[in-house]
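This note's numbering applies: residue 2 is where the sequence shown begins, and numbers increase by one.
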Amino acid sequence: MGCATPQVNTMDAVTPTGSASTALLLTGGLANIIPTIVQNSGAQTAHKFVEFFIGQIRNANTRKAYGHAVRTFLDWCEKHGAERLEDISYIAVASYIEQHPGSAQTVNQHLTAIRRLFVWLVAQKVLILNPAENVVGRKHRTKIGKTPELDSAETRQLLNSFDTTHIIGLRDRVLISVMCYSFARISAVVAMNVEDYFLKGANHWIRLHEKGGKYLEWPLHHAANVYLHQYVEAAAQQEGIDWGKGMPLFRSQQRGRVQRLSNHRFDRRDAWAMVKRKVKDAGINTDACNHTFRATGITNFLENGGALEIAQEIAGHVDSRTTALYDRRREKVSLNEIERVRF
Numbered sequence: 002m003g004c005a006t007p008q009v010n011t012m013d014a015v016t017p018t019g020s021a022s023t024a025l026l027l028t029g030g031l032a033n034i035i036p037t038i039v040q041n042s043g044a045q046t047a048h049k050f051v052e053f054f055i056g057q058i059r060n061a062n063t064r065k066a067y068g069h070a071v072r073t074f075l076d077w078c079e080k081h082g083a084e085r086l087e088d089i090s091y092i093a094v095a096s097y098i099e100q101h102p103g104s105a106q107t108v109n110q111h112l113t114a115i116r117r118l119f120v121w122l123v124a125q126k127v128l129i130l131n132p133a134e135n136v137v138g139r140k141h142r143t144k145i146g147k148t149p150e151l152d153s154a155e156t157r158q159l160l161n162s163f164d165t166t167h168i169i170g171l172r173d174r175v176l177i178s179v180m181c182y183s184f185a186r187i188s189a190v191v192a193m194n195v196e197d198y199f200l201k202g203a204n205h206w207i208r209l210h211e212k213g214g215k216y217l218e219w220p221l222h223h224a225a226n227v228y229l230h231q232y233v234e235a236a237a238q239q240e241g242i243d244w245g246k247g248m249p250l251f252r253s254q255q256r257g258r259v260q261r262l263s264n265h266r267f268d269r270r271d272a273w274a275m276v277k278r279k280v281k282d283a284g285i286n287t288d289a290c291n292h293t294f295r296a297t298g299i300t301n302f303l304e305n306g307g308a309l310e311i312a313q314e315i316a317g318h319v320d321s322r323t324t325a326l327y328d329r330r331r332e333k334v335s336l337n338e339i340e341r342v343r344f
């Protein structure tokens, strides 16, 4: 899956500020994003195409997802005879959506990316019409999310399983505990800097770097605070560690098998691999991922009498329906009801 690879000088020719903007594209996972079909539409169109990803999409993860969606769509259009963006019609967009093999959620995300791109190009007067404007996505109704969660016993089993005789074990344990106790996304947690764990009054607080440039500040649960304090204290004692303002709170491991931190930020992909490994090592059969602990924390909070509206606020959800997707209490109630059937 991909698109035609442009010549090296083509990117520089259409990028507003040369190498600096190219670097932005690379960090957003959009290297070689300019397909032949865009280049064939003219230098001005290619210029605005690049501007869309650089200037209109601030979140790196969204930029990467939209880049993939647009790349896949334009590749499909080229295979079906379109040579320029002007050749793409309403029927072409509708046909692409119709044959898309993904889930309704994936298809609708792709359609949103395509539609937003064309809205931008029309607004910039490099295209006359938006072929995706009236294309309808797939119906998608979900009452319960698909993210696997751990129950209370499994969560405790996992947190107790870490080898905390070294700094890497301390880091991994607190990373998971912060996600559980604060309903935080992995990207928000690994984006934390040293100063994002701070004392406010008599309590320790954390500052989470959320989507859209937002920051959430919450008091840290006492259990997570114990873990985080132990990690910070151990990290500060390691030689060669820069623990100053602006430096990452969660660090990657030094190369090799040494149990020492580097000065580089821990990556969410490395966190994913760590979660998979640690859950398996703890003897837990759930197919957990980074997002598991957000669902686990929210469900546990609600089971213990917490209000959905408060969970929504802590999680940083705009819509309470999003928070409700993480509420798995109904699954447990349903199982209890089913077990009433006895022969």
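Beta carbons: idealized from backbone N, C-alpha and C, even for Gly.
Taking each of Met275, Val39, Ala61 in turn and checking the Cα distance to Ala189, the smallest one comes out for Ala61. Where Trp219 is concerned, the enclosing beta strand (DSSP E) starts and stops at 216 to 220.
Bridge pairing for His223: absent [DSSP].
Here the alpha carbons of Arg116 and Arg174 stand approximately 42 angstroms from one another.
Lys279 counts as buried, since at least 16 other C-beta atoms from the protein chains shown sit within 10 angstroms of its C-beta. In the structure shown, Lys140 adopts coil according to DSSP, grouped into three states.
Boundaries around Gln110 are those of the alpha helix (DSSP H), 105 to 124, since no beta strand (DSSP E) includes it. Between the alpha carbons of Phe251 and Gly257 lies a distance of about 18 angstroms.
About 4 angstroms separates the CB atoms of Asp197 and Arg208; that is less than 8 angstroms, so the two are in contact.
Within the same chain, and ignoring the five residues on either side of Ala95 in sequence, the residues whose Cβ sits closer than 6 angstroms to its Cβ are Val136.
Taking the Cα positions, Glu314 is about 25 angstroms away from Gln110.
In this structure, the beta-carbon distance from Ile38 to Ala70 does not fall below 8 angstroms. Distances from the CA of Gly202 to each of Pro220, Val191, Tyr216, Ala237 were compared; the closest alpha carbon is that of Pro220.
In this structure, Phe50 places its C-beta atom within 8 angstroms of the C-beta atom of Ile35.
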